[in-house]
Amino acid sequence: MDMPVTKKKKLGLKERYALMTRGLGWEPSYQPIDDIFPMDRFEGIKIHDWDAWEDPFRLTMDAYWKYQAEKERKLYAIVDAFAQSNGHLTLSDARYINTVKLFVNGFAPLEYMSHRGFAHIGRQFRDVGPRVACMMQSLDEMRHSQTQIHAISNYNRYYSGMAEFRHHHDYLPYLQVPKSFFEDAATGGPFEFIVAIGFAFEYVLTNLVFVPFISGAAYNGDMGAMTFGFSAQSDEARHMTLGLEVIKFVLEQDPVNVPIVQKWLNKWTWRGVRLLTLVAMMQDYMLPKRVMSWAEAWEIYFEENCGALFRDLARYGIVMPPCVEQIRLERDHLSHIAWCHFYQARGTSDFHVWLPSKEDMDWLSAKYPDTFDRYYRPRYEYWAKCEAEGKPFEATAVPMQCQVCQIPMMFTEPGDPLTLCQRHADYKGEQYHFCSDHCRDIFEDEPEKFIQSKIAGHEVFKGNAFRPGTDPTAEGFNPAAEALAFFRIEHGRDNGLHNGSTDERNFALWRGLAKAND
Amino acid sequence: MQMDLRTVTIAPQRQTYGHVARHIGGDKPASRYQEGTIGLQTTGNQHYRPLWDPAHDYFDESRTKLKMADWYAFRDPRQYYYGSYVLARARQQEAAEAAFDFVETRGLADALPDDIRALALDLILPLRHVAWGASMNNDFIAAYGYGTGITQPALYYAMDQLGIAQFDTRLGLLLAEPEALDAAKEAWLHDVRWQSLRRLVEDLFVEQDWFELFVAQDLVLDGLLYPLVFQTIVDGDLAQRGGAAVAMVTQFQNEWAAETRKWVDAQIKAACADDAGNAALIGQWIAKWTPRAAAALCPLAEMGLGDRSAAVMDELCAALDARAARAGVRA
Ligand SMILES: [Fe+2]
Ligand SMILES: [Fe+2]
Numbered sequence: 001m002d003m004p005v006t007k008k009k010k011l012g013l014k015e016r017y018a019l020m021t022r023g024l025g026w027e028p029s030y031q032p033i034d035d036i037f038p039m040d041r042f043e044g045i046k047i048h049d050w051d052a053w054e055d056p057f058r059l060t061m062d063a064y065w066k067y068q069a070e071k072e073r074k075l076y077a078i079v080d081a082f083a084q085s086n087g088h089l090t091l092s093d094a095r096y097i098n099t100v101k102l103f104v105n106g107f108a109p110l111e112y113m114s115h116r117g118f119a120h121i122g123r124q125f126r127d128v129g130p131r132v133a134c135m136m137q138s139l140d141e142m143r144h145s146q147t148q149i150h151a152i153s154n155y156n157r158y159y160s161g162m163a164e165f166r167h168h169h170d171y172l173p174y175l176q177v178p179k180s181f182f183e184d185a186a187t188g189g190p191f192e193f194i195v196a197i198g199f200a201f202e203y204v205l206t207n208l209v210f211v212p213f214i215s216g217a218a219y220n221g222d223m224g225a226m227t228f229g230f231s232a233q234s235d236e237a238r239h240m241t242l243g244l245e246v247i248k249f250v251l252e253q254d255p256v257n258v259p260i261v262q263k264w265l266n267k268w269t270w271r272g273v274r275l276l277t278l279v280a281m282m283q284d285y286m287l288p289k290r291v292m293s294w295a296e297a298w299e300i301y302f303e304e305n306c307g308a309l310f311r312d313l314a315r316y317g318i319v320m321p322p323c324v325e326q327i328r329l330e331r332d333h334l335s336h337i338a339w340c341h342f343y344q345a346r347g348t349s350d351f352h353v354w355l356p357s358k359e360d361m362d363w364l365s366a367k368y369p370d371t372f373d374r375y376y377r378p379r380y381e382y383w384a385k386c387e388a389e390g391k392p393f394e395a396t397a398v399p400m401q402c403q404v405c406q407i408p409m410m411f412t413e414p415g416d417p418l419t420l421c422q423r424h425a426d427y428k429g430e431q432y433h434f435c436s437d438h439c440r441d442i443f444e445d446e447p448e449k450f451i452q453s454k455i456a457g458h459e460v461f462k463g464n465a466f467r468p469g470t471d472p473t474a475e476g477f478n479p480a481a482e483a484l485a486f487f488r489i490e491h492g493r494d495n496g497l498h499n500g501s502t503d504e505r506n507f508a509l510w511r512g513l514a515k516a517n518d
Numbered sequence: 001m002q003m004d005l006r007t008v009t010i011a012p013q014r015q016t017y018g019h020v021a022r023h024i025g026g027d028k029p030a031s032r033y034q035e036g037t038i039g040l041q042t043t044g045n046q047h048y049r050p051l052w053d054p055a056h057d058y059f060d061e062s063r064t065k066l067k068m069a070d071w072y073a074f075r076d077p078r079q080y081y082y083g084s085y086v087l088a089r090a091r092q093q094e095a096a097e098a099a100f101d102f103v104e105t106r107g108l109a110d111a112l113p114d115d116i117r118a119l120a121l122d123l124i125l126p127l128r129h130v131a132w133g134a135s136m137n138n139d140f141i142a143a144y145g146y147g148t149g150i151t152q153p154a155l156y157y158a159m160d161q162l163g164i165a166q167f168d169t170r171l172g173l174l175l176a177e178p179e180a181l182d183a184a185k186e187a188w189l190h191d192v193r194w195q196s197l198r199r200l201v202e203d204l205f206v207e208q209d210w211f212e213l214f215v216a217q218d219l220v221l222d223g224l225l226y227p228l229v230f231q232t233i234v235d236g237d238l239a240q241r242g243g244a245a246v247a248m249v250t251q252f253q254n255e256w257a258a259e260t261r262k263w264v265d266a267q268i269k270a271a272c273a274d275d276a277g278n279a280a281l282i283g284q285w286i287a288k289w290t291p292r293a294a295a296a297l298c299p300l301a302e303m304g305l306g307d308r309s310a311a312v313m314d315e316l317c318a319a320l321d322a323r324a325a326r327a328g329v330r331a
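Protein chains in written order, with full-length UniProt numbering: chain Y, 1 to 518; chain G, 1 to 331.
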């Protein structure tokens, strides 16, 4: 960024950037400022001095275009090469493709929501500095969404479960977990959104999301996904500095802000980790070549890194969210509970499942010495026996779901792995159900918000999960089949067991062709 | 892992994503623009109403009076998705960088006639605030508009206008000391010649109908401002009066306006074609905002063109009407 000043005053980078951003703004006089920025006060966050905002990065648009274009050139060259050479056939194992399915269905639409959410708050903060930073992040998030969709496009041409990712994200029961997570953040006020996404998600939990996916991709031969992951990480570094700047700025502005921020950190750490249940399961069960266990990732990326972060925030009066206690108790159970659930409920998923092999189970025993052999191995061995007898176990009932995180109520009591955990609350004459104390607390803080949750199971019973024109009173009406049709799950192709699936067969056939000698 | 594979031809199971295929008329290969745009915003269940606008869903068609049977009738003729967008702008910024370099290394800024330098500063520097207003307004469209077809390019427009505000700023730093930016802001805030324009920009900040905002900002205001300032005054007049250096360092603005106009017109055309009521509605919006924008720009025209200003403004308004008519707007 060379500035064309000859024999002129030399401006420092910071000064120059201020002219290029905050210098553009002005105090309006023809319209009241509260009408121009109507949304940044109602949450109760008090900002006295926006000038104290330190721009976390100083990128003018010309430099942004230049750097990002360079990254895009490199990324798409690799994505193209991977697709043209049938790179998917070099994967470690066909089961890996289910991780890609989980990613495009669960995360690419969140990147899009993030793009819209940052565009929204990029219009709402009354100071230019944070608005510019948010607009730039909005643009980056558009990039993430599209590079993921583009990189996965080639997988979609050959394998099932990805073609309807948009519809699945909108309606499929398990995908309401990520969808409701992000919509909860985006429908909160601008400060809650940036604390939830910019700080809790992008700063506190980001490594727990991306490291497993990116290194999982690398270990399993997925060059395309690995490249968009790495490429996004360089944007992520910018987003993390924004998230941290926001937190410190808000906490320093007024003591009144501290309890509000603490409440959001409690809520979003819990909601974030509930969402990460999917990632934990992916790490421990879905990667044919594993990178590290969920428990190990939690120790490194939360306990070590975030422990230091929260010690640093203590000077503002911020404490570690209380839910962390429960997360620690669930650490050695989370992925097993989830995979057991997905195995049983495989009829309504858009990826395939399988029982862990003997080697898989030995790895899990080693990683989870206190829990796996005791609580989970016997289940898998029993289900393996059922499969061997030609009577694979499957749960077809609609599960009860948590009103807040929308996860089926499959978790066990913290510290008591043989008792199912259920919590309830009454509100305006209705009873609501929760997976945990923390989800119930979140509900009780904002009941009017969470009574709106469209719980997938309820939607089926209410008749909202059938295609238009479906007649539930018709003879031979099969609600389960109709719901699958509405969900656009191609039964027997998108769902079910990996063994014997079209994806498994095609992968073996195509790889066989590619490896055969002329 | 390393594995040597023969190149084999294997049959794809499908060509593109389902929501894309349903929109492009069947399962056929789709472009990156299509896969990165069509149907990307949710049209399904939304769980909660926004705390900041409980009267609407987060994504809500009723945030504008415009009616569309198909929100993805809004297509970008440039086919910009993120990658192609930044590649295009990176090339243009490289050219702009070269122009700034050329002017600077040859001392062309110092060689400008005084009256030209003064006019360039008086006219262009306050426009950095107008560009920032355009950026905010397009970010509004990106945030509250419906369907990725139009919200995606609106965000690109917002970032472009931020970039233009920054190029305007650099022009100030090239021709003068940083204090010139303060003087320009002072003029923007208090000089009577800028007040109708500032009032218009601030009024647009509180406009709630995002498509009306698109019409007022992108079609009308920018549709008059860019041809007036950068095309007619800078490229036309200043260049001939010894101010070619100013034209060189504002080529980004001119190229951008020529390119973006095609996108704006395509949106108006798509809206008019989609629903019978839209043509008249857009016509009303144009009729509402054009006189205000033209009046607000008159003092700028006078600064640059003196007694030719009225005639030029009339021409520009007629050209804008012709653009609208070509796009199917009913006056
Ligand atoms: Fe992202
Ligand atoms: Fe929950």
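Glycine included, each C-beta is placed from N, C-alpha and C at the ideal position.
Since the structure is predicted, the reported quantities are computational estimates derived from the model, not experimental observations.
Quiz item: What does F140 (chain G) reach in chain Y if we use C-beta pairs closer than 7 Å?
Solution: The residue you call residue 140 (chain G) lines up with position 140 of the second sequence. Near F140 (chain G) (Cβ distances below 7 Å), the residues of chain Y are R123.
Practice problem: Could I get the ranges of all uninterrupted alpha helix (DSSP H) runs contained in the region 123 to 168 of chain G, with 4 residues as the minimum, in chain order? | Solution: 127 to 144
Quiz item: Just to confirm, does A232 (chain Y) get its C-beta within under 8 Å of one of the non-hydrogen atoms of ligand 1?
Solution: For the purposes of this step, residue 232 (chain Y) is taken as the residue at position 232 of the first sequence. Because some heavy atom of ligand 1 lies under 8 Å away, the Cβ of A232 (chain Y) counts as near it: yes.
Practice problem: Look at the Cβ atom of V246 (chain G), then the Cβ atom of L300 (chain G), and state whether they are nearer than 9 Å. | Solution: Working through the second sequence from its first residue, we reach residue 246 (chain G) at position 246. Working through the second sequence from its first residue, we reach residue 300 (chain G) at position 300. The answer is no: Cβ separation not under 9 Å.
Quiz item: Cβ of L214 (chain Y) within 9 Å of Cβ of F230 (chain Y)?
Solution: Residue 214 (chain Y) sits at position 214 when you count from the first residue of the first sequence. Residue 230 (chain Y) sits at position 230 when you count from the first residue of the first sequence. What sits at residue 214 (chain Y) in the sequence shown is Ile, not Leu. Yes; because the gap between Cβ atoms is below 9 Å, this pair is in contact.
Quiz prompt | K46 (chain Y) versus F182 (chain Y): straight-line alpha-carbon distance, rounded | solution = Counting from one through the first sequence, the residue named residue 46 (chain Y) turns up at place 46. Counting from one through the first sequence, the residue named residue 182 (chain Y) turns up at place 182. Cα to Cα, K46 (chain Y) sits roughly 25 Å from F182 (chain Y).
Exercise. Taking D426 (chain Y) as part of the beta strand (DSSP E), name the residues at either end of that continuous run.
Key: Taking the first residue of the first sequence as position 1, residue 426 (chain Y) is located at position 426. Where D426 (chain Y) is concerned, the enclosing beta strand (DSSP E) stretches over R423 to Y427.
Quiz item: Does any heavy atom of ligand 2 sit closer than 8 Å to the C-beta of I407 (chain Y)?
Solution: Indexing the first sequence from 1 puts residue 407 (chain Y) at position 407. I407 (chain Y): yes, Cβ under 8 Å from ligand 2.
Quiz item: Any idea if Q431 (chain Y) is buried or exposed, counting beta-carbon neighbours within 10 angstroms, 16 or more meaning buried?
Solution: Start at 1 with the first residue of the first sequence, and residue 431 (chain Y) comes out as number 431. The residue in question, Q431 (chain Y), is exposed, as its Cβ has fewer than 16 Cβ neighbours within 10 Å.
Exercise. For the beta strand (DSSP E) holding Y96 (chain Y), just list the boundary residues, first then last.
Key: Position 96 of the first sequence holds residue 96 (chain Y). First-last for Y96 (chain Y): undefined, no H or E at that position.
Practice problem: Name, going along the chain, the residues of the region 341 to 361 of chain Y whose beta-carbon falls closer than 9 Å to a beta-carbon of chain G. | Solution: none
Self-check item: Among Y:S29, Y:F42, Y:E296 and Y:W53, the one whose alpha carbon lies nearest that of T21 (chain Y)
Solution: Along the first sequence, one-based indexing puts residue 21 (chain Y) at 21. Ranking Y:S29, Y:F42, Y:E296 and Y:W53 by Cα distance to T21 (chain Y) puts Y:W53 first.
Quiz prompt | F182 (chain Y) beta carbon near ligand 2 (any heavy atom closer than 8 Å) | solution = Taking the first residue of the first sequence as 1, we reach residue 182 (chain Y) at position 182. No; taking the cut-off as 8 Å, the Cβ of F182 (chain Y) has no heavy atom of ligand 2 nearer than that.
Exercise. Examine ligand 1 and report whether any of its heavy atoms sits within less than 8 Å of the Cβ of H144 (chain Y).
Key: Taking the first sequence and counting its residues from 1, one reaches residue 144 (chain Y) at position 144. Under cutoff, so the answer is yes.
Quiz item: So is M159 (chain G) in contact with chain Y if we call contact Cβ pairs under 9 Å?
Solution: If you number the second sequence from 1, residue 159 (chain G) lands on position 159. True, the Cβ-Cβ gap to chain Y drops below 9 Å.
Quiz item: Using CA coordinates, which residue listed in Y:T396, Y:M61 and Y:P472 is at the minimum distance from L87 (chain G)?
Solution: The residue labelled residue 87 (chain G) in the question sits at position 87 within the second sequence. The shortest C-alpha separation from L87 (chain G) is found at Y:M61.
Quiz item: Once you ignore the five residues that flank S196 (chain G) on each side, which residues in its own chain have a CB closer than 7 Å to its CB?
Solution: Here residue 196 (chain G) corresponds to residue number 196 of the second sequence, with the count starting at 1. For S196 (chain G), where only same-chain residues beyond five positions count, the Cβ hits under 7 Å are A295 and A296.
Exercise. Identify whether Q2 (chain G) lies in helix, strand or coil by the three-state DSSP scheme.
Key: Taking the first residue of the second sequence as 1, we reach residue 2 (chain G) at position 2. Its pLDDT being 47, under 50, Q2 (chain G) is placed unreliably in this model, and the value from its coordinates should be taken loosely. Three-state DSSP puts Q2 (chain G) in coil, outside helix and strand.
Self-check item: Closer than 8 Å: V324 (chain Y) CB and nearest ligand 2 heavy atom
Solution: Taking the first residue of the first sequence as position 1, residue 324 (chain Y) is located at position 324. Every heavy atom of ligand 2 is 8 Å or more from the Cβ of V324 (chain Y), so no.
Quiz item: Out of curiosity, what's the CA-to-CA distance linking P4 (chain Y) and Y17 (chain Y)?
Solution: Position 4 of the first sequence, counted from the start, is the residue given in the question as residue 4 (chain Y). Position 17 of the first sequence, counted from the start, is the residue given in the question as residue 17 (chain Y). The pLDDT assigned to P4 (chain Y) is 47, lower than 50, so where the model puts this residue is not dependable, and the model offers no usable value.
Practice problem: Decide if N478 (chain Y) is buried, meaning its Cβ has at least 16 other Cβ atoms within 10 Å, or exposed. | Solution: For the purposes of this step, residue 478 (chain Y) is identified with residue 478 of the first sequence, where counting begins at 1. That one is exposed.
Quiz prompt | For D362 (chain Y) and V8 (chain G), the rounded distance between their alpha carbons | solution = Reading the second sequence from its first residue, position 8 is the one you call residue 8 (chain G). Reading the first sequence from its first residue, position 362 is the one you call residue 362 (chain Y). Cα to Cα, the separation comes out at about 37 Å.
Quiz item: Roughly how many angstroms separate the alpha carbons of F100 (chain G) and P113 (chain G), rounded to a whole number?
Solution: As a first step, residue 100 (chain G) is located in the second sequence; it is residue number 100 there, counting from the start. As a first step, residue 113 (chain G) is located in the second sequence; it is residue number 113 there, counting from the start. When rounded, the distance between both Cα atoms is 18 Å.
Self-check item: M1 (chain Y) in three-state terms, based on DSSP
Solution: For the purposes of this step, residue 1 (chain Y) is identified with residue 1 of the first sequence, where counting begins at 1. Model confidence at M1 (chain Y) stands at a pLDDT of 40, short of 50, so the residue's coordinates are unreliable; what they give is reported in the following sentence. Residue state, collapsed to three classes: coil.
Quiz prompt | Residues from the region 248 to 271 of chain Y in contact with chain G, defined by Cβ distance under 7 Å | solution = none
Quiz prompt | beta-carbon T502 (chain Y) near ligand 3 non-hydrogen atom, thresh 8 Å | solution = Here the bound small molecules are ligand 1 and ligand 2; ligand 3 is not part of this structure.
Practice problem: With a cut-off of 8 Å on the beta carbons, I'd call D168 (chain G) and L125 (chain G) a contact; round off their distance for me. | Solution: On the second sequence, position 168 is the one that residue 168 (chain G) refers to. On the second sequence, position 125 is the one that residue 125 (chain G) refers to. At roughly 7 Å, the Cβ-Cβ gap stays under 8 Å, so D168 (chain G) and L125 (chain G) are in contact.
Quiz item: Whose C-alpha, out of Y:P56, Y:R95, Y:S29 and Y:E43, is nearest the C-alpha of S501 (chain Y)?
Solution: Residue 501 (chain Y) sits at position 501 when you count from the first residue of the first sequence. Nearest of Y:P56, Y:R95, Y:S29 and Y:E43 to S501 (chain Y), Cα basis: Y:R95.
Quiz item: At least one CB of chain G closer than 9 Å to the CB of T99 (chain Y): is that the case?
Solution: Residue numbering aside, residue 99 (chain Y) sits at position 99 when the first sequence is read from its first letter. Cβ-Cβ to chain G under 9 Å: no for T99 (chain Y).
Quiz item: Whose CA, out of Y:F487, Y:E446, Y:P447 and Y:G492, lies closest to the CA of F466 (chain Y)?
Solution: Here residue 466 (chain Y) refers to the residue found at position 466 when the first sequence is read from its first residue. The shortest C-alpha separation from F466 (chain Y) is found at Y:F487.
Practice problem: Quick one: list the residues of chain G neighbouring A65 (chain Y), beta-carbon separation under 7 Å, in chain order. | Solution: On the first sequence, residue 65 (chain Y) is found 65 positions in, with the first residue counted as 1. It should be pointed out that residue 65 (chain Y) corresponds to Trp in this sequence rather than to Ala. Ordered by position in chain G, the residues that pass the 7 Å Cβ test against W65 (chain Y) are V86, R89, A90 and Q93.
Exercise. Please compile the residues from chain G whose C-beta is within a distance smaller than 9 Å of the C-beta of D35 (chain Y).
Key: The residue labelled residue 35 (chain Y) in the question sits at position 35 within the first sequence. F205 and V206, listed in chain order.
Practice problem: Evaluate W294 (chain Y) with the Cβ neighbour count: other Cβ atoms within 10 Å of its Cβ, from every protein chain shown; 16 or more gives buried, anything less gives exposed. | Solution: Position 294 of the first sequence holds residue 294 (chain Y). It is buried - the Cβ of W294 (chain Y) has at least 16 other Cβ atoms within 10 Å.
Quiz item: Using a beta-carbon distance below 9 Å, is N305 (chain Y) in contact with chain G?
Solution: Counting from 1 along the first sequence, the entry for residue 305 (chain Y) is found at position 305. It does not; no Cβ of chain G falls within 9 Å.
Quiz item: Along chain Y, which residues have their Cβ under 9 Å away from the Cβ of I10 (chain G)?
Solution: Residue 10 (chain G) sits at position 10 when you count from the first residue of the second sequence. The contacting residues are N86, L89, Y158, N506, L509, W510, L513 and A514.
Quiz item: Using the C-alpha atoms, what's the distance from Y159 (chain Y) back to P12 (chain G)?
Solution: Residue 12 (chain G) sits at position 12 when you count from the first residue of the second sequence. Residue 159 (chain Y) sits at position 159 when you count from the first residue of the first sequence. If I take the Cα positions, the gap works out to 8 Å.
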